[in-house]
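A.B. asks: Here you go, one structure.
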Amino acid sequence: MELLEKLCQIHAPSGEEFRVRDFVVDYVNSNSAQWEQKPQLYYGDGYQDCLLMVFGEPRCGVMAHMDSVGFTAGYGNELIPIGSPSTGETAVIRDQRGKTAEVYYDNMDKKWVLKDDINLQPGSTWTWQPDFSVTEHMVLSPFLDNRLSVHMLLKIAPQLKDTVVAFSTYEEMSQAGKAGFLAKRMYEQWQIDKILIADITWVTDYVKAGSGAAISLRDVGIPRKMFRDKIVDMVKASGVSYQLEIEKSGGSDGTMIGASDYPIDWIFIGAPEINPHGSIEKVHLADIESMMGIYKYLCNRL
Amino acid sequence: MELLEKLCQIHAPSGEEFRVRDFVVDYVNSNSAQWEQKPQLYYGDGYQDCLLMVFGEPRCGVMAHMDSVGFTAGYGNELIPIGSPSTGETAVIRDQRGKTAEVYYDNMDKKWVLKDDINLQPGSTWTWQPDFSVTEHMVLSPFLDNRLSVHMLLKIAPQLKDTVVAFSTYEEMSQAGKAGFLAKRMYEQWQIDKILIADITWVTDYVKAGSGAAISLRDVGIPRKMFRDKIVDMVKASGVSYQLEIEKSGGSDGTMIGASDYPIDWIFIGAPEINPHGSIEKVHLADIESMMGIYKYLCNRL
Amino acid sequence: MELLEKLCQIHAPSGEEFRVRDFVVDYVNSNSAQWEQKPQLYYGDGYQDCLLMVFGEPRCGVMAHMDSVGFTAGYGNELIPIGSPSTGETAVIRDQRGKTAEVYYDNMDKKWVLKDDINLQPGSTWTWQPDFSVTEHMVLSPFLDNRLSVHMLLKIAPQLKDTVVAFSTYEEMSQAGKAGFLAKRMYEQWQIDKILIADITWVTDYVKAGSGAAISLRDVGIPRKMFRDKIVDMVKASGVSYQLEIEKSGGSDGTMIGASDYPIDWIFIGAPEINPHGSIEKVHLADIESMMGIYKYLCNRL
Numbered sequence: 001m002e003l004l005e006k007l008c009q010i011h012a013p014s015g016e017e018f019r020v021r022d023f024v025v026d027y028v029n030s031n032s033a034q035w036e037q038k039p040q041l042y043y044g045d046g047y048q049d050c051l052l053m054v055f056g057e058p059r060c061g062v063m064a065h066m067d068s069v070g071f072t073a074g075y076g077n078e079l080i081p082i083g084s085p086s087t088g089e090t091a092v093i094r095d096q097r098g099k100t101a102e103v104y105y106d107n108m109d110k111k112w113v114l115k116d117d118i119n120l121q122p123g124s125t126w127t128w129q130p131d132f133s134v135t136e137h138m139v140l141s142p143f144l145d146n147r148l149s150v151h152m153l154l155k156i157a158p159q160l161k162d163t164v165v166a167f168s169t170y171e172e173m174s175q176a177g178k179a180g181f182l183a184k185r186m187y188e189q190w191q192i193d194k195i196l197i198a199d200i201t202w203v204t205d206y207v208k209a210g211s212g213a214a215i216s217l218r219d220v221g222i223p224r225k226m227f228r229d230k231i232v233d234m235v236k237a238s239g240v241s242y243q244l245e246i247e248k249s250g251g252s253d254g255t256m257i258g259a260s261d262y263p264i265d266w267i268f269i270g271a272p273e274i275n276p277h278g279s280i281e282k283v284h285l286a287d288i289e290s291m292m293g294i295y296k297y298l299c300n301r302l
Numbered sequence: 303m304e305l306l307e308k309l310c311q312i313h314a315p316s317g318e319e320f321r322v323r324d325f326v327v328d329y330v331n332s333n334s335a336q337w338e339q340k341p342q343l344y345y346g347d348g349y350q351d352c353l354l355m356v357f358g359e360p361r362c363g364v365m366a367h368m369d370s371v372g373f374t375a376g377y378g379n380e381l382i383p384i385g386s387p388s389t390g391e392t393a394v395i396r397d398q399r400g401k402t403a404e405v406y407y408d409n410m411d412k413k414w415v416l417k418d419d420i421n422l423q424p425g426s427t428w429t430w431q432p433d434f435s436v437t438e439h440m441v442l443s444p445f446l447d448n449r450l451s452v453h454m455l456l457k458i459a460p461q462l463k464d465t466v467v468a469f470s471t472y473e474e475m476s477q478a479g480k481a482g483f484l485a486k487r488m489y490e491q492w493q494i495d496k497i498l499i500a501d502i503t504w505v506t507d508y509v510k511a512g513s514g515a516a517i518s519l520r521d522v523g524i525p526r527k528m529f530r531d532k533i534v535d536m537v538k539a540s541g542v543s544y545q546l547e548i549e550k551s552g553g554s555d556g557t558m559i560g561a562s563d564y565p566i567d568w569i570f571i572g573a574p575e576i577n578p579h580g581s582i583e584k585v586h587l588a589d590i591e592s593m594m595g596i597y598k599y600l601c602n603r604l
Numbered sequence: 605m606e607l608l609e610k611l612c613q614i615h616a617p618s619g620e621e622f623r624v625r626d627f628v629v630d631y632v633n634s635n636s637a638q639w640e641q642k643p644q645l646y647y648g649d650g651y652q653d654c655l656l657m658v659f660g661e662p663r664c665g666v667m668a669h670m671d672s673v674g675f676t677a678g679y680g681n682e683l684i685p686i687g688s689p690s691t692g693e694t695a696v697i698r699d700q701r702g703k704t705a706e707v708y709y710d711n712m713d714k715k716w717v718l719k720d721d722i723n724l725q726p727g728s729t730w731t732w733q734p735d736f737s738v739t740e741h742m743v744l745s746p747f748l749d750n751r752l753s754v755h756m757l758l759k760i761a762p763q764l765k766d767t768v769v770a771f772s773t774y775e776e777m778s779q780a781g782k783a784g785f786l787a788k789r790m791y792e793q794w795q796i797d798k799i800l801i802a803d804i805t806w807v808t809d810y811v812k813a814g815s816g817a818a819i820s821l822r823d824v825g826i827p828r829k830m831f832r833d834k835i836v837d838m839v840k841a842s843g844v845s846y847q848l849e850i851e852k853s854g855g856s857d858g859t860m861i862g863a864s865d866y867p868i869d870w871i872f873i874g875a876p877e878i879n880p881h882g883s884i885e886k887v888h889l890a891d892i893e894s895m896m897g898i899y900k901y902l903c904n905r906l
């Protein structure tokens with residue numbers, strides 16, 4: 001879990017994903033010599049802060065976002081959310097240099113308030129203070145959404161073949177994500193017409209921690225029935241544990257791909273977490289195992 | 303009206319449009335031998351569940367969506383709307399195998415509730431129970447929005463020339479429609495820069511049943527004035543009855559085309575209906591005639 | 605200010621931008637003979653009502669929208685907003701032929717109401733009555749948003765080099781703007797991957813009239829940190845006065861570019877105004893000077 005812990009220490013709210021990108025680039029360059037297929041990396045000019053990791057001759061796409069929720073400091077210590085940080089808790093936030101501040105959510109005024117008597121620099125950005133731990137069954141940390149998926153993909157990378165993994169930006173900001181750009185690149189260069197969305201979802205009364213990664217049959221978006229049925233059948237055949245999720249709200253990079261100008265199928269497959277977008281998110285270790293198993297199985301078969 | 307009745311029996315909520323597509327493909331293959339121009343059909347790989355029906359060398363585009371509103375069954379018999387089914391009525395719904403259930407809208411809780419003591423399979427989809435009838439002046443059925451437009455296009459197909467008809471998907475789901483993908487294909491392959499949106503609108507105090515198909519001057523989107531003026535002038539010249547609609551809300555595939563990355567004009571022309579998205583929609587026969595007349599006139603002249 | 609006054613007299617709500625386009629085309633054709641680089645104009649077929657003004661071999665993009673807020677007359681004298689006209693005032697509106705009518709905002713019913721006993725033609729469009737004046741420090745007029753930016757660009761045009769200026773449409777209508785189309789054209793033809801958004805923002809407690817044009821670090825969208833830091837550094841180096849804006853709401857053509865399928869950076873730089881979208885908007889003359897200085901400096905260096 002050392003790799004995951006490192007990923008969860010990176011300050012990367014939407015707009016500052018380059019720090020996760022740099023980490024992944026370094027990791028791949030340092031570790032990929034013995035992988036079954038050494039991936040090519042596409043990033044830099046023409047990619048903004050996005051990153052493509054391409055194994056062999058890709059027939060299947062996976063997308064995982066690199067950004068987290070957070071805050072922009074406005075004038076007068078205003079805390080402007082980046083994405084949707086979980087409300088209703090008191091927590092410590094930090095900026096890119098490690099300076100910290102305590103904040104709480106004011107339920108009357110419906111806004112985040114600074115507790116400390118300090119002045120935040122207008123325009124500075126803040127994310128939850130890193131705080132990583134592992135218990136017998138659970139991993140606890142901010143940003144498991146979505147560093148867990150980044151981690152999972154690096155962990156199965158040594159066995160990945162003929163797959164393109166897109167690390168995306170701005171997913172936490174409704175309808176601002178660069179998923180459409182990445183989907184376009186993947187479609188035009190490798191004719192990728194199906195993308196698995198590696199992301200983290202919610203534990204609910206019906207989707208339970210420990211019962212396996214969730215395959216989402218719908219959220220605000222609805223994957224094409226022909227495609228989702230095929231995926232569910234394949235995962236069933238894999239023998240890996242999984243759950244089916246049916247949600248009325250929530251979206252992902254898949255929402256942007258669905259609305260894109262490309263005929264690309266998508267489906268969300270990811271571990272459920274407790275306290276989504278909160279300062280401590282919790283995921284069951286069995287669901288991480290399940291996610292790893294499902295992606296390993298699907299990526300070489302789709 | 304036999305053809306329309308058949309179309310209205312198809313279970314095709316957003317995500318399951320393939321059933322309407324298959325019906326249209328079969329119909330065209332069985333009937334087009336004697337048409338003035340036998341259309342080419344584009345569908346399957348690279349098209350998701352969409353369908354293009356191409357007559358001659360197209361200069362004009364028409365778009366009609368194939369999906370209907372409906373419900374996804376969640377866990378615990380939750381009824382999650384697909385699109386916006388009309389609230390405030392008690393009705394029978396059915397799944398793809400014809401199993402039925404009675405539901406009503408709970409105005410207090412603002413949600414749909416199952417009346418029967420049965421268990422809906424999580425992930426299964428439901429649409430209004432087919433119930434088709436024709437009176438002296440009206441046709442009554444669920445899904446007139448938008449099977450009526452599909453029907454209209456098949457009816458005028460024998461005379462259509464140099465037109466591309468796009469049958470689209472996911473229109474009922476706000477901003478998830480594949481209209482942008484289809485517009486892109488039409489623009490890139492045939493330089494189509496104007497698309498008529500064949501869809502069904504609402505009877506209001508000002509747009510009346512029986513007064514002709516409505517040309518919409520605006521809804522949430524606003525077509526370019528130069529284009530809408532030209533279309534209105536042409537329809538006026540055609541001698542076919544019509545009405546002008548000016549709405550502050552509501553959208554269509556045209557909204558997606560307006561927001562697309564392509565310089566394509568669009569305008570909504572369609573019959574108004576009573577009880578939109580309800581279990582029984584009603585359209586005046588004269589407005590169907592008007593719609594047919596307008597499209598027949600415009601498609602060969604634009 | 606004669607040129608600005610003329611621009612502010614043009615009736616051009618979203619959908620009728622062709623009148624501003626025609627004005628700019630005429631102006632450029634009449635005045636560009638002695639400019640450092642005579643620009644090429646792209647408009648007409650394939651551009652809807654948009655316009656590209658291309659200097660030399662462009663490496664930098666600027667975008668300024670041509671449309672204003674306004675009203676569509678519905679049936680029964682209903683006033684349907686085009687974009688978001690400022691509420692809470694009584695004002696005179698006029699149509700394209702100069703016919704006028706007095707209107708006020710009904711705070712109880714949350715809608716605009718006609719005061720005069722006349723009948724508005726359904727489908728006709730209305731904008732604020734022109735009313736232009738200049739005081740010692742301020743310019744006052746409707747439509748400073750965004751005719752001021754169009755004016756600014758025409759004023760610095762004689763010195764512009766290797767820049768493409770895009771005059772866009774439908775910006776006032778949320779998510780309907782053609783910014784994505786223009787960004788695509790600029791990217792594909794000239795590999796433009798950075799666009800400055802020339803538009804007008806709001807005077808607030810922290811962004812003051814007279815303190816310089818505002819560089820927006822964020823609104824609903826967040827520009828990429830690497831890019832916004834670079835721009836702020838450059839403007840700092842230019843010696844031109846400026847302010848930093850940090851907003852939680854509001855969008856611009858930049859929002860559409862951020863959500864587009866192209867890897868294009870954007871940042872909003874514009875003068876703040878009092879009474880945005882109102883019948884009289886007010887901008888400080890020093891902020892116009894600042895805006896001119898910043899664009900002149902950046903366009904030749906980016």
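Protein chains in written order, with our numbering: chain V, 1 to 302; chain Z, 303 to 604; chain P, 605 to 906.
The C-beta atom is built at its ideal place from N, Cα and C for all residues, glycine as well.
1) Along the stretch 19-31 of chain V, what residues have a CB closer than 9 Å to any CB found in chain Z?
2) For the stretch 346-374 of chain Z, which residues have a CB atom closer than 9 Å to at least one CB atom of chain V, in sequence order?
3) Which residues, in order along the stretch 553-583 of chain Z, keep a beta-carbon less than 9 Å from a beta-carbon of chain P?
4) Residues of chain V with a CB under 9 Å from the CB of residue 590 of chain P: which are they?
5) Taking Cβ positions only, does residue 852 of chain P come closer than 8 Å to chain V?
6) Which residues bound the alpha helix (DSSP H) around residue 192 of chain V?
7) Would you report the Cα separation of residue 560 of chain Z and residue 566 of chain Z, rounded to the nearest angstrom?
8) Are the beta-carbon atoms belonging to residue 575 of chain Z and residue 456 of chain Z less than 8 Å from one another?
9) Which word fits residue 226 of chain V, buried or exposed, when buried means at least 16 other C-beta atoms lie within 10 angstroms of its C-beta?
10) If you check the beta carbons only, do residue 773 of chain P and residue 654 of chain P fall under 8 Å apart?
11) Counting only C-beta atoms, is residue 316 of chain Z closer than 8 Å to chain V at any point?
12) Do you know how far the Cα of residue 129 of chain V is from the Cα of residue 762 of chain P?
13) Compare the Cα-Cα distances from residue 384 of chain Z to each of Z:587, Z:580, Z:590 and report the closest residue.
14) Measuring straight from C-alpha to C-alpha, what distance separates residue 894 of chain P and residue 768 of chain P?
15) Can you look up residue 601 of chain Z in the DSSP assignment and give me helix, strand or coil?
16) Could you please give the first and the last residue of the uninterrupted beta strand (DSSP E) stretch that includes residue 605 of chain Z?
17) Quick one: does residue 812 of chain P have its CB under 8 Å from some CB of chain V?
18) Would you check if the distance between the CB atom of residue 28 of chain V and the CB atom of residue 41 of chain V is smaller than 8 Å?
19) What residues of chain P sit near residue 176 of chain V, judged by a beta carbon separation below 9 Å?
20) List the residues that DSSP assigns as beta-bridge partners of residue 470 of chain Z.
21) Are the CB atoms of residue 287 of chain V and residue 197 of chain V within a distance shorter than 8 Å?
22) So which residues of chain V does residue 798 of chain P contact, with C-beta pairs closer than 8 Å?
23) Can you check the stretch 852-876 of chain P for any beta strand (DSSP E) of at least 3 residues that lies completely inside it and give the ranges in chain order?
24) Could you check what DSSP says for residue 104 of chain V in three-state terms: helix, strand or coil?
25) Compare the C-beta of residue 80 of chain V with all C-beta atoms of chain P and state if any pair is closer than 8 Å.
26) Cutting at 8 Å between CB atoms, please list the residues of its own chain near residue 832 of chain P, excluding the five before and the five after it.
27) Name the residue from V:269, V:20, V:85, V:11 whose alpha carbon lies nearest to the alpha carbon of residue 232 of chain V.
28) Quick check: is any heavy atom of the ligand MG less than 7 Å from the C-beta of residue 191 of chain V?
29) Indicate whether the contact test is met: 3 or more Cβ pairs, each with one atom in the stretch 9-24 of chain V and one in the stretch 61-76 of chain V, closer than 8 Å.
30) For residue 636 of chain P, which option in P:651, P:839, P:765 has the closest C-alpha, if you only look at C-alpha atoms?
31) Is residue 848 of chain P close to chain V? Criterion is C-beta to C-beta, closer than 8 Å.
32) Where does residue 17 of chain V land, buried or exposed, given buried means 16+ other C-beta within 10 angstroms?
33) Skipping 5 residues on each side, what residues in its chain have a beta carbon closer than 8 Å to that of residue 151 of chain V?
34) Can you say whether residue 628 of chain Z is buried or exposed, counting buried as having 16 or more other CB atoms within 10 angstroms of its CB?
35) Taking a cut of 7 Å between CB atoms, which residues from the stretch 692-723 of chain P lie near chain Z?
C.D. replies: Based on what the coordinates show:
1) Under the 9 Å Cβ criterion, the stretch 19-31 of chain V contributes no residue.
2) 347, 348, 349, 350, 351, 352, 374
3) 557, 560, 561, 562, 563, 564, 565, 566, 567
4) An answer regarding residue 590 of chain P cannot be provided, because it is not within the stretch 605 to 906 covered by chain P.
5) yes
6) Careful: residue 192 of chain V lies outside any alpha helix (DSSP H) and carries neither H nor E.
7) Rounded to whole angstroms, the separation of the alpha carbons of residue 566 of chain Z and residue 560 of chain Z is 7 Å.
8) If you check the CB distance, residue 575 of chain Z and residue 456 of chain Z do not come in under 8 Å.
9) Exposed: under 16 other Cβ atoms inside 10 Å.
10) yes
11) yes
12) 51 Å
13) Z:580
14) 21 Å
15) helix
16) Missing from the structure shown is residue 605 of chain Z; chain Z here goes from 303 to 604 and no further.
17) Taking a beta-carbon distance threshold of 8 Å, residue 812 of chain P does not count as an interface residue toward chain V.
18) yes
19) Going along chain P in sequence order, the residues near residue 176 of chain V (Cβ under 9 Å) are 824, 825, 826, 859, 862, 863.
20) The beta-bridge partner set that DSSP reports for residue 470 of chain Z consists of Z:367.
21) No, Cβ-Cβ distance for residue 197 of chain V and residue 287 of chain V is not below 8 Å.
22) The premise fails here: residue 798 of chain P is roughly 11 Å from chain V at the closest Cβ pair, so nothing lies under 8 Å.
23) 869-874
24) In the three-state reduction of the DSSP assignment, residue 104 of chain V falls in the strand class, which pools E and B.
25) yes
26) 819, 821, 871
27) Distances from the alpha-carbon of residue 232 of chain V to those of V:269, V:20, V:85, V:11 put V:269 closest.
28) As far as ligands go, the structure on display features none, and thus does not contain the ligand MG.
29) yes
30) Of the listed residues, the one whose Cα sits closest to residue 636 of chain P is P:765.
31) Among the residues facing chain V, residue 848 of chain P is included, as its CB has a counterpart in that chain under 8 Å away.
32) buried
33) 3, 4, 7
34) Given a span of 303 to 604 for chain Z in the structure shown, any question on residue 628 of chain Z remains unanswerable.
35) none
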